[in-house]
Amino acid sequence: MKILFLSHNFYPFIGGIEANSDILSRAFYNAGHELRVLTWTRELGEDIYPFQIIRNPSYKELFKQHRWADLVFENNPCLRLAWPNLFFWHPYVIALNTWVSRIDDEVGLHGKIGYQDRLKFLWFKKASKVIAVSDAIRKHSFKQAIVIGNPYNAAVFNIYPEIEKTNTFVFLGRLVPNKGVDEAIKALKKLVLKNAQEQVLKSDLTLTIIGEGPQKSYLEQLTAELGLQNQIVFTGSVSGEDLARLLNKHRYLLVPSLWEEPFGNVVLEGMACGCLPIVSDGGGLPDAIGDAGISFARGNTDALVDAILKVITNPDLEKKLRSATANHLHKHQPDTVSKKYLEVLEKAVNKSPEAI
Numbered sequence: 041m042k043i044l045f046l047s048h049n050f051y052p053f054i055g056g057i058e059a060n061s062d063i064l065s066r067a068f069y070n071a072g073h074e075l076r077v078l079t080w081t082r083e084l085g086e087d088i089y090p091f092q093i094i095r096n097p098s099y100k101e102l103f104k105q106h107r108w109a110d111l112v113f114e115n116n117p118c119l120r121l122a123w124p125n126l127f128f129w130h131p132y133v134i135a136l137n138t139w140v141s142r143i144d145d146e147v148g149l150h151g152k153i154g155y156q157d158r159l160k161f162l163w164f165k166k167a168s169k170v171i172a173v174s175d176a177i178r179k180h181s182f183k184q185a186i187v188i189g190n191p192y193n194a195a196v197f198n199i200y201p202e203i204e205k206t207n208t209f210v211f212l213g214r215l216v217p218n219k220g221v222d223e224a225i226k227a228l229k230k231l232v233l234k235n236a237q238e239q240v241l242k243s244d245l246t247l248t249i250i251g252e253g254p255q256k257s258y259l260e261q262l263t264a265e266l267g268l269q270n271q272i273v274f275t276g277s278v279s280g281e282d283l284a285r286l287l288n289k290h291r292y293l294l295v296p297s298l299w300e301e302p303f304g305n306v307v308l309e310g311m312a313c314g315c316l317p318i319v320s321d322g323g324g325l326p327d328a329i330g331d332a333g334i335s336f337a338r339g340n341t342d343a344l345v346d347a348i349l350k351v352i353t354n355p356d357l358e359k360k361l362r363s364a365t366a367n368h369l370h371k372h373q374p375d376t377v378s379k380k381y382l383e384v385l386e387k388a389v390n391k392s393p394e395a396i
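Quick note: the sequence shown, position 132, residue 172 per our numbering, numbers continuous.
See the structure below:
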């Protein structure tokens, strides 16, 4: 099967959708299919892929590649790369990795449906199949979609047995308002005060904040104002094996997002490194944790504190959640996820949508 893989951004651009594009494109190629990638991301250095990547294509190149394909796969809607298929009508499958409507990044809410968004909804109806990364995305964007959760990089994120879990909490993500990092800091302060008064916890509490972003100065100032300089460490951006090893030092992953995350790959990465996830209840985060984590009311610091205490003071509950980790992660192994995608793609090419 000749698969034309469309990804608005691609390596070396780094992001959640781009990570999925990397994993899925390699998996499709390794399964024996011919693969070409179309992307607007310009090349920086040498490509590290065994298949062809056409970057910043001209109109002529777009038509050439669409003519070549047996099937078009859009890893998130990208109409500027996909429109030539109007002339060929090859089978095409769309993966929805995020919300279709515009997003207000300051408050993390879904915005209004714009003209381009309406075109996307029409495009979905013509697709052979639409895949959503979470049930929340399916319900919001295209109810006829099937749900296939995201994969994670299992080659990097795993348990390092030699690393001792010396730290308590970790946050991983961009330091922006909609990620709710300040909620994690305020929750830690409440836990420290509660522990000083009631001795509900046996060990000192720490929070490691991994990431960069425009809110960093404010968060450092908040940390100082609350007197938590000895409990909180800002590491800056960390990636690859260094990130996996750092996650391995922590017991719990905090994901206090104020906006509704489409899925939450960070949950799988932390879980694979032995961190029990405690997440807000919006968007696709409940899908991301499955039965192997705990959620709390989004934007409610007291609810976050209660969720933390519920797990950290209840060994039986923590054991139960951790025992569900292996099965949950198996569902999101790259091989497992890519096989589900390929089943959909192969059925689309065989022109049997009723069997999908």
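Where a beta carbon is used, it is the ideal one built from N, C-alpha and C, also for glycine.
- Around the beta carbon of F303, 16 or more other beta carbons lie within 10 angstroms, which makes this residue buried.
- G213 sits away from G189, with the two beta carbons spaced by 7 Å or more.
- Residue nearest to H290 within the set E204, Y192, F103 is E204 (criterion: CA-CA distance).
- Burial check for V306: the Cβ neighbour count within 10 Å reaches 16 or more, so the residue is buried.
- One Cα belongs to A122, the other to I318, and the distance between them is close to 38 Å.
- Rounded to whole angstroms, N96 and N354 show a C-alpha spacing of 53 Å.
- For T376, no beta strand (DSSP E) segment is defined; the enclosing uninterrupted segment is the alpha helix (DSSP H) at 374-389.
- Distances from the CA of D87 to each of L298, W299, D62 were compared; the closest alpha carbon is that of D62.
- The DSSP assignment places complete beta strand (DSSP E) segments of no fewer than 3 residues inside the segment 179-245 at 207-212, in order along the chain.
- Counted as a single uninterrupted DSSP element, the alpha helix (DSSP H) harbouring S257 occupies residues 256-265.
- Taking 7 Å as the cut-off, the Cβ atoms of P191 and H372 count as close.
- Judged by their CB atoms, A172 and A185 are nearer to each other than the 7 Å cut-off.
- DSSP lists no beta-bridge partner residue for L162.
- For K289, there is no enclosing alpha helix (DSSP H), since its DSSP letter is neither H nor E.
- Of the candidates T81, S174, K160, the residue whose Cα lies closest to the Cα of I329 is S174.
- Of the candidates A59, K100, Y132, E83, the residue whose Cα lies closest to the Cα of K391 is Y132.
- Excluding five sequence positions before and after Q156, the CB atoms of its chain that fall closer than 8 Å to its own CB belong to L119, given in chain order.
- Under the DSSP assignment, N305 falls outside any beta strand (DSSP E), being part of the alpha helix (DSSP H) whose first and last residues are 305-312.
- A straight-line Cα-Cα distance of about 45 Å links F336 and L126.
- As a beta-bridge residue in DSSP terms, K42 pairs with E74.
- For L78 against Y69, the beta-carbon gap comes to about 15 Å, at or over 8 Å, which does not count as contact.
- Counting only the Cα atoms, V232 lies some 10 Å from V240.
- Between Y292 and T208 a beta carbon distance of about 6 Å is seen, short of the 8 Å cut, so the two are scored as contacting.
- The C-alpha of D356 lies about 50 Å from the C-alpha of K42.
- Rounded to whole angstroms, the Cβ separation of E301 and L287 is 18 Å, and the two are not in contact under 8 Å.
- In the three-state scheme derived from DSSP, where H, G and I count as helix and E and B as strand, P355 is classed as helix.
- Annotated three-state conformation of E86 is coil, per DSSP.
- With a cutoff of 7 Å on beta-carbon distance, K256 and L215 are scored as near each other.
- Look at G280 here: in three-state DSSP terms it is helix.
- Boundaries cannot be given for N96, as no beta strand (DSSP E) includes it and DSSP labels it neither H nor E.
- Counted as a single uninterrupted DSSP element, the stretch harbouring A332 is not any beta strand (DSSP E), since DSSP gives it neither H nor E.
- In this structure, I334 lies near V351, with their beta-carbon atoms less than 7 Å apart.
- Per the C-alpha coordinates, the member of V377, E223, S65 positioned closest to F91 is S65.
- In this structure, the alpha-carbon of D331 lies about 14 Å from that of G324.
- With 16 or more other Cβ atoms from the protein chains shown falling within 10 Å of its own Cβ, H368 counts as buried.
- For F128, the three-state secondary structure derived from DSSP is coil.
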